[in-house]
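Position 159 (the sequence shown) corresponds to 297 in this note's numbering; numbering is contiguous. Just so you know, even glycine gets a beta-carbon here, dropped at the ideal spot from N, CA and C. These numbers come from a predicted model, not from an experiment. Let me begin by presenting the structure, written as structure tokens, before commenting on it.
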Amino acid sequence: MLPVAAIEQHGPHLPVSTDTSIMNGMLETVIARLPGDLDIRFLPVQTVGKSNEHLQAPGTLTLPAATLVDAWTELGLSVARAGVRKLIVVNSHGGNEEIMGIVTRELRVRERMLAVKTSWQRFGRPAGMYTELEDRHGIHGGDVETSLMLHFRPELVDMAKADNFASKVARAETEFALLRHTGTHAFAWIAGDLNPNGVVGDASIATAEKGRLTAEHQANGFITLLKDVRKAKLADWLA
């Protein structure tokens, strides 16, 4: 398993280490729930990712896409040389998504690996826990990430500075037929395009309890994926 994260601004109320702190917290949550018969090895967390959409804010660290593709592919090739044929790349930062796709395809082509890419948020959240508006637009430092941080690292959260950081592009859902900031027809945005604070979502309503339940929900989903990957036979899945 290769965990990839980021160091980048998350608004006035959260630290630049938010994505890495969430990754570390999620790994601890998964490890605490792992069945004894699941044999998994955790590679070091890659703390710097592709975060150039947040360069307007100090504290953001980023690497070029080509550098990350080369580095993460080399890590996967090292795993292959050790005789391991299955790899899951798990992510806690949206800006890494395209990189993961290229890396996992390279590993499939070059080493015939079963290389899987996923992110914690893809495992969803407890039903009804977050508002519909937050589910659609709270993609960075809003209710979800702030709740997770209140659960994992509450000493790093300043709720006095938490606010409802509304998305400027929420109007796209009523003004435009197809154009969106995420999804099928997404435009390439930087954080300031969504909100001048570089953060989007209602952080003011976050709670540690929501964070705990979200972490457990996503960890359980991830363990289900681990079981699927263990069960999958290379001869059946790969040509």
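> Residue ranges of each alpha helix (DSSP H) run of no fewer than 4 residues wholly in the region 207 to 280, ordered along the chain?
Replying inline: 235 to 249, 270 to 275
What is the C-beta distance between Ala357 and Met164, in whole angstroms, given that I count them as a contact (C-beta under 8 angstroms)? 6 angstroms
What is the DSSP secondary structure of Val142, counted as helix, strand or coil?
strand
- prompt: What do you get for Ile328, buried or exposed, if any count of 16 or more other CB atoms within 10 angstroms of its CB means buried?
  reply: Label assigned to Ile328: exposed.
Backbone secondary structure at Arg368 - three-state DSSP
helix
| message | Within 8 angstroms, do at least three Cβ pairs link the region 194 to 213 to the region 323 to 342? | response | Result yes; three or more Cβ-Cβ pairs closer than 8 angstroms.
Quiz item: Going by the CB atoms, is the gap between Arg263 and Thr156 shorter than 8 angstroms?
Solution: no
ask   = Looking at Val254 and Ile226, is the spacing between their C-beta atoms short of 8 angstroms?
value = The answer is yes: Cβ separation under 8 angstroms.
>> Is it the case that the region 279 to 287 contacts the region 340 to 350, given that we only count it when at least three CB pairs across the two stretches are under 8 angstroms?
In response: yes
*Unbroken alpha helix (DSSP H) run spanning Arg318, endpoints*: Counting along the chain, Arg318 falls outside any alpha helix (DSSP H), and DSSP gives it neither H nor E.
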